[in-house]
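Colleague: So that we are looking at the same thing, I have put the structure below in structure tokens.
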Amino acid sequence: MPVPPRRHRHLLPLFLLATTLGLAGCDGPDLDNAPPRPAPPESRFSGEAMVSQADVAGSARSVEGASKAPETRIEERRGYSLQFDEADALVAAYRETHEACVASAHCQVEQGRLQTPRNGLASGHLAMRVARDEVETAEPVRLVAESPALSCVEISRNDRTQQMIDTEARLEQQIVLRERLQELAVEGRGFSERRIQDLLQVERELARVQGEIESMQGQQRHLARVTDTVAISASFQQQRWVEPRQHGVLAPLWRALDRSMSLFFESVGQVILVVVFLTPWLVIGLPVLWLLSRLWRPVRRAFSRLGEKRRARRSGS
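The sequence shown runs -24 to -1, 1 to 293 under mature numbering (1 follows the signal peptide of the UniProt record, and there is no 0).
See below:
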């Protein structure tokens, strides 16, 4: 009997193993194509199952729409500080800037404050919002940026892109969830009385989702507003001039004399206020005191006579 070659001797066991596996695969059941097990009827109509199905549907829809390219959203704030030598120039600049913002269709005044005290320095603050596309050519911004009284400019930028993307994704997911819950609520109205609890659970979940949608829509409007416009704040301040003597060697002495004279005249002013306060009461009180003294003399005489009569009776007895 001829002996098979050495290389064919090694291939024979591999051929037998492959044949055995092929026959086992043909005879065995197909696990990949096995039919799904039917869900129990109770899980199809329970409130928790319906809510979980709606969550899965909303998550799938939100993932599909998350591949869009995001739009950059930047919140920008600009602060201008202006210092004036006189209060009249400050008031004129404030009113001119305020009127320019009111007259512009792309500017909105959020806050305005102007103080002109009789004894003190004038000041003002103006908070505005200008459209981002018109901020470079807006008249209010030009007035404060080109003013000779401008002393400081501060610009800050904050990236709100990720916050905007998160809000939009959550909003889309909640909207899809709301639609799914509305469909389940309509289907659930045909349930039997024993399924009322499931329907109420769906209705409560639908109300909660509606509240979250309204809150997210408000956040979205706020983010769109702060990124589509630029916040402009202008601070108007009257400058206080410093005398040269306040920086010399005798500066502490001059400050002490200034404070002592100020304190002295302040005390004199307080005394004047007290005198003025008491003057009406003195005008009314002096005639009343004179009248009481006139009435007290007869009364005192009557009491003295009564005392003398008592002493006379005691001495006679």
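Even for Gly, the Cβ is constructed at its ideal location relative to N, Cα and C.
When you compare each of 53, 115, 227 to residue 132 by their alpha carbons, which one comes out closest?
Modeller: Cα-wise, what sits closest to residue 132 is 53.
Colleague: Counting only the same chain and skipping the five closest in sequence on each side, list residues whose C-beta sits under 7 Å from that of residue 205.
Modeller: Here the set comprises 105, 106, 107, 108.
Colleague: Could you compute how far the alpha carbon of residue 121 sits from the alpha carbon of residue 91?
Modeller: Computed Cα separation, rounded: 22 Å.
Colleague: So, do the stretch 143 to 163 and the stretch 195 to 212 have three or more beta carbon pairs nearer to each other than 8 Å?
Modeller: As far as the Cβ criterion goes, the stretch 143 to 163 touches the stretch 195 to 212, which means the pair count is three or higher.
Colleague: Report the CB separation of residue 88 from residue 74 in whole angstroms; it is logged as a contact under 8 Å.
Modeller: Confirmed, about 6 Å.
Colleague: So the alpha helix (DSSP H) residue 246 belongs to, where does it begin and stop?
Modeller: 227 to 292 is the extent of the alpha helix (DSSP H) around residue 246.
Colleague: Would residue 192 and residue 137 be called neighbours here (beta carbons separated by less than 8 Å)?
Modeller: Against a cut-off of 8 Å, the Cβ pair of residue 137 and residue 192 comes out as no contact.
Colleague: Considering only the alpha carbon of each residue, which of 96, 248, 117 lies closest to residue 102?
Modeller: Taking only the C-alpha atoms, the option nearest residue 102 is 117.
Colleague: Determine contact between the stretch 153 to 165 and the stretch 176 to 188, defined as no fewer than three beta-carbon pairs at a distance below 8 Å.
Modeller: Yes, since at least three Cβ pairs between the stretch 153 to 165 and the stretch 176 to 188 fall closer than 8 Å, the two stretches touch.
Colleague: Would you call residue 96 buried or exposed, if buried means 16 or more other Cβ atoms sit within 10 Å of its Cβ?
Modeller: Exposed: under 16 other Cβ atoms inside 10 Å.
Colleague: Looking at residue 125 and residue 82, is the spacing between their C-beta atoms short of 8 Å?
Modeller: No, they are not a contact pair.
Colleague: Under the three-state reduction of DSSP, which class applies to residue 74: helix, strand or coil?
Modeller: If DSSP states are grouped into helix, strand and coil, residue 74 belongs with the helices.
Colleague: List, from N- to C-terminal side, the beta strand (DSSP E) runs of 3 residues or more that fit wholly inside the stretch 121 to 208.
Modeller: Those beta strand (DSSP E) runs which fall completely within the stretch 121 to 208 and span 3+ residues are 126 to 135.
Colleague: Which word fits residue 174, buried or exposed, when buried means at least 16 other C-beta atoms lie within 10 angstroms of its C-beta?
Modeller: So residue 174 ends up on the buried side.
Colleague: Return the residue from the list 209, 260, 69, 277 that minimises the CA-CA distance to residue 123.
Modeller: It is 69.
Colleague: In terms of DSSP beta bridges, what is residue 91 paired with?
Modeller: DSSP lists 99 as partners of residue 91.
Colleague: Mapping the DSSP letters down to three states, classify residue 114 as helix, strand or coil.
Modeller: The answer is coil: DSSP assigns residue 114 none of H, G, I, E or B.
Colleague: For residue 211 and residue 80, which I take to be in contact (beta-carbon distance under 8 Å), what is that distance rounded to the nearest angstrom?
Modeller: The pair is not a contact, with the Cβ atoms about 20 Å apart (cut-off 8 Å).
Colleague: Considering only residues of the same chain and omitting the five flanking positions on each side of residue 275, which have a CB-CB separation below 8 Å?
Modeller: Answer for residue 275: no residue qualifies.
Colleague: So what's residue 49 in DSSP terms, helix, strand or just coil?
Modeller: Here residue 49 sits in coil by DSSP.
Colleague: Between the C-alpha atoms of residue 188 and residue 86, what's the straight-line distance to the nearest angstrom?
Modeller: Using only the alpha carbons, I get a separation of about 28 Å.
Colleague: In whole angstroms, what is the alpha-carbon distance linking residue 258 and residue 277?
Modeller: Rounded to whole angstroms, residue 258 to residue 277 spans 29 Å at the Cα level.
Colleague: Between residue 343 and residue 237, what straight-line distance do the alpha-carbon atoms span, to the nearest angstrom?
Modeller: This structure cannot settle anything about residue 343, because the visible part of the chain is limited to -24 through 293.
Colleague: Suppose you measure from the CA of residue 240 to the CA of residue 233; what does that come to, to the nearest Å?
Modeller: If you take the alpha carbons of residue 240 and residue 233, they lie about 10 Å apart.
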